[in-house]
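Scroll down for the structure; my scribbles are underneath it.
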Amino acid sequence: METKTAALTGKNRGKLLGAAVAAAALAAGALPLLAGPAGAATAASPVLTFTGSAGALPAGSATVVVEAELARDANAKGVPQSLQDIPVAVRTISAAGFSVPVGRSAVLQQAEQQGHGNVNFAILIVSGTRVTAQYVPAPLTRAAAPGNTAALAIEATRVIRVPAFPAYRAVGAAAGQWLAALGATPQIVPPPCQWTTYGSQYQDRTRIGEVHVANATGVTDTFEYRNSNDLTISVGISATSPDGDFGSAGTITLTNSLSADGGETFGPGTVDYVNDTVNYQRYEAEGISCPNGPEKYAYKIQAVSTDSDVYPGLNTPPVNPWGGCRNDPLHATLASHASWALDNSRAEFYSTVANLFGFTFGGSDGFTTNVEHDYNSTSSSPTTYICGPKNGLPPIDAPVLYNTP
Amino acid sequence: MNRHRSSRIIGALAVALAAIWVTACGSAQPSAGPLQALSAGGQPILAIASVVVVPRQAADTEAYVSSSARDLVRVTGVSAVAVPGVPAGRLVRAGVQSSGASVATARGWPAVPTRPLIGAELRGSQFGIVFGISGPRAGRDYAVAGLRIRYVYQGQSYSMVAWGALVGCVTATLRSDSPSCRPFASKVNGVVEKMAGI
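Top to bottom, those sequences are chains A and B.
Residue numbering for the first sequence follows this note's numbering, starting at 1 and increasing by one per position.
Residue numbering for the second sequence follows this note's numbering, starting at 406 and increasing by one per position.
Shown next, in the form of structure tokens:
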């Protein structure tokens, strides 16, 4: 794999501003090409590295731009009125595989603070006049790693394997000139992609978990959802319309920084999904480092904050695959007049957690420090049993907990 | 003057290095052995169990250990990890879960099949350690944060903490209410989360 790495320094930017390709590109359009991130650093000691496949490159080579997302001007509901996707690494590739190291920078540090350790990255791949993009969240501190398997791998290796990208889209001819300039001169750091709100925020009930309580006297499960929980949820991008046509473009991790805790106690016999109110917002953007280039608006819809108000969901989750938990050889006993609270384990991924503007969000609750199952029994309860799915995991380590007499 | 100051600094450094040396090498229990608390996303997985029991009856739960050992690990000792500011229960039993069935909460012993922990030779990637604590007085609640397990691996001694918060709420009879139990357990949970670094 042949690559050229951008050295994101002011010195290089200064030099390359005068480069013929950039000058020609600047003369051809009205947009400022360069506004490199103030805090960008070299990738000499990467904080993390993105690897993956850009698929068949339409122009035989491509430029990969990694951008860190910063939220600006949050309103009272915690909904940012703008989002800036700021380039933090650029690399050209001449084959499908890529590996882009991201160095420590002021931008990254700011994004890390905003996300309580989680940073949402946008990865843009430009090949000739065709573009593809997706969002990829990354836990940059141990405390931020959501309890899902992807995050576990990231935490351990500092390498993020990027999922397959959506199909490349063509952008206009003028946009193509800009993108070609970017590809030809990868040392040029493109300006941030500035997303601004489109329309109002929407609240939607969003699935964050499920509870299964034995149909036995006095047994309950309290699902608690506390401050700074992490919800990883898909992002929709549309190249044509803000009212539909959103396609899945990766995921972001939403860290709930509202100082609110939620909780709901579910009684005997409950088999229910658990929902939370999540606020969603549509945004629009145009620019050289945006998914639709500088000529035409791109639109995206994403989760931006949660109310942490836990309540029963609408549908019923699948029943216990074991029938009764005692059929699971790894079951755990829950005595009468006792309680057992599990507050840091793995996450279950749901393919449908919410639906807005024709876009189906998939997601995975953090199920980390701040999500807790608290099983309780009274003195008149019988002994019941707790088990996990048929995945060979004991209850302490299972993403879904079942409970039967 | 400068030379004297340099000498003093060098002397202080030597004392500090000696202290570090004694701390690191004088102990037979370096912390980075192959056994670790079970974790997800770099954080220990933590459960808290609380059980209403009568005086001297064991309240039981389970702590989990993951292992990266390629050879046998032999357990040489175990003790309860106290929760600061909270009466510590007496560790009455600890055993390696031996049938797969585990314990969220139980009272009495044995709750599930186990084999003795001390002297156990462990081979595998994950173990459940069932343990119980008791307290002598009705109306008093006891707790521990987990177990400190000492073991030998490839001739070297180590110790590690298996987090597993356990509260025993002692009442006169099992039918008695224990109104203090829930707030006590909540307090213990908060402290143990901090102890475990989550």
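Glycine residues also receive a C-beta, built at the ideal position from the N, C-alpha and C atoms.
Computed from a predicted structure; not experimentally measured.
Quick check on the DSSP output: the beta strand (DSSP E) that includes residue i runs from which residue to which?
i, result
"Pro68/A", "As written in the sequence, residue 68/A is Ala, which differs from the Pro given in the question. Its beta strand (DSSP E) spans residues 62-74."
"Phe50/A", "46-53"
"Ala511/B", "507-512"
"Val480/B", "478-486"
"Gly97/A", "97-103"
"His337/A", "Per DSSP, His337/A belongs to no beta strand (DSSP E) and is neither H nor E."
"Glu284/A", "271-285"
"His331/A", "Per DSSP, His331/A belongs to no beta strand (DSSP E) and is neither H nor E."
"Thr132/A", "130-139"
"Thr576/B", "Taken as a continuous stretch (DSSP letters only), Thr576/B belongs to no beta strand (DSSP E), as it is neither H nor E."
"Gln300/A", "For clarity, residue 300/A is Lys in the given sequence; the question names Gln instead. From DSSP, the beta strand (DSSP E) with Lys300/A extends over 298-306."
"Arg553/B", "546-558"
"Tyr225/A", "220-225"
I'd like to know whether the C-beta atoms of residue i and residue j end up nearer to each other than 8 angstroms.
i, j, result
"Ile450/B", "Val593/B", "no"
"Val497/B", "Gly537/B", "yes"
"Val486/B", "Leu552/B", "yes"
"Leu57/A", "Ser289/A", "no"
"Val274/A", "Gly324/A", "no"
"Pro87/A", "Val66/A", "yes"
"Ala138/A", "Leu48/A", "yes"
"Arg512/B", "Ala463/B", "yes"
"Gly263/A", "Val310/A", "yes"
"Glu295/A", "Pro242/A", "no"
"Arg580/B", "Ser379/A", "yes"
"Ile396/A", "Leu342/A", "yes"
"Pro166/A", "Gln84/A", "no"
"Pro329/A", "Ala474/B", "no"
Thinking residue i and residue j are a contact (beta carbons under 8 angstroms), I'd like their distance in whole angstroms, please.
i, j, result
"Val459/B", "Ala577/B", "7 angstroms"
"Val508/B", "Ile554/B", "Incorrect: roughly 17 angstroms between the Cβ atoms, too far for contact."
"Ser381/A", "Thr217/A", "5 angstroms"
"Val278/A", "Gln201/A", "Actually they do not touch by this definition, with Cβ atoms about 10 angstroms apart."
"Arg326/A", "Gly199/A", "About 52 angstroms separates the two Cβ atoms, so there is no contact after all."
"Ala493/B", "Val575/B", "That belief does not hold up - the Cβ atoms of Ala493/B and Val575/B are roughly 13 angstroms apart, past 8 angstroms."
"Thr196/A", "Ser82/A", "5 angstroms"
"Gly128/A", "Ala59/A", "3 angstroms"
"Ala567/B", "Ile534/B", "6 angstroms"
"Tyr168/A", "Thr141/A", "With a Cβ gap of about 34 angstroms, Tyr168/A and Thr141/A do not count as contacting."
"Asn403/A", "Val219/A", "7 angstroms"
"Thr510/B", "Leu334/A", "6 angstroms"
"Val126/A", "Ala62/A", "6 angstroms"
"Asp221/A", "His331/A", "Not confirmed; about 16 angstroms, so no contact."
"Val456/B", "Val597/B", "Rounded, the Cβ-Cβ distance is 16 angstroms, inconsistent with contact."
Go to residue i, then tell me how far its alpha helix (DSSP H) extends in each direction, as first and last residue.
i, result
"Gly533/B", "It is not in any alpha helix (DSSP H) - Gly533/B instead sits in the beta strand (DSSP E) that spans 531-539."
"Gln109/A", "106-114"
"Arg629/B", "Residue 629/B lies beyond the range of chain B shown here (406 to 603); nothing can be said about it."
"Glu598/B", "586-601"
Just mark residue i as buried or exposed, buried being the case when its beta carbon has 16 or more other beta carbons within 10 Å.
i, result
"Ser259/A", "At Ser259/A, the pLDDT of 46 sits below 50, so the modelled position is not reliable; the number obtained from the coordinates is stated separately. Looking at its Cβ environment, which holds fewer than 16 other Cβ atoms inside 10 Å, Ser259/A is exposed."
"Gly500/B", "buried"
"Leu571/B", "buried"
"Pro318/A", "exposed"
"Ser94/A", "exposed"
"Ser377/A", "buried"
"Tyr385/A", "buried"
"Ser444/B", "buried"
"Ser504/B", "exposed"
"Gln448/B", "buried"
"Asp276/A", "buried"
"Gly236/A", "buried"
"Lys390/A", "exposed"
"Gly269/A", "exposed"
"Asp582/B", "exposed"
"Thr428/B", "Because Thr428/B carries a pLDDT of 36, less than 50, the predicted location of this residue cannot be relied on, and no value is offered for it."
"Ala601/B", "buried"
"Asn292/A", "buried"
"Gly115/A", "buried"
"Ala590/B", "buried"
"Glu2/A", "Note that Glu2/A scores a pLDDT of 34, beneath 50, so its modelled location is shaky; the value from the coordinates is reported in the next line. Burial call: exposed."
"Gln113/A", "exposed"
"Gly392/A", "exposed"
"Glu210/A", "buried"
Using 8 angstroms as the threshold, is the region 45-60 of chain A in touch with the region 98-106 of chain A, meaning 3 or more CB pairs across them?
yes
Taking one C-beta from the region 556-569 of chain B and one from the region 477-493 of chain B each time, how about it: are there three or more such pairs within less than 8 angstroms?
yes
Three CB pairs or more closer than 8 angstroms across the region 244-258 of chain A and the region 195-214 of chain A:
no
How do the region 332-343 of chain A and the region 227-245 of chain A stand: do at least 3 beta-carbon pairs fall below 8 angstroms, yes or no?
no
Using a Cβ-Cβ cut-off of less than 7 angstroms, give me the residues of the region 324-337 of chain A that come near chain D, in sequence order.
Of the protein chains in the structure, A and B, none is chain D.
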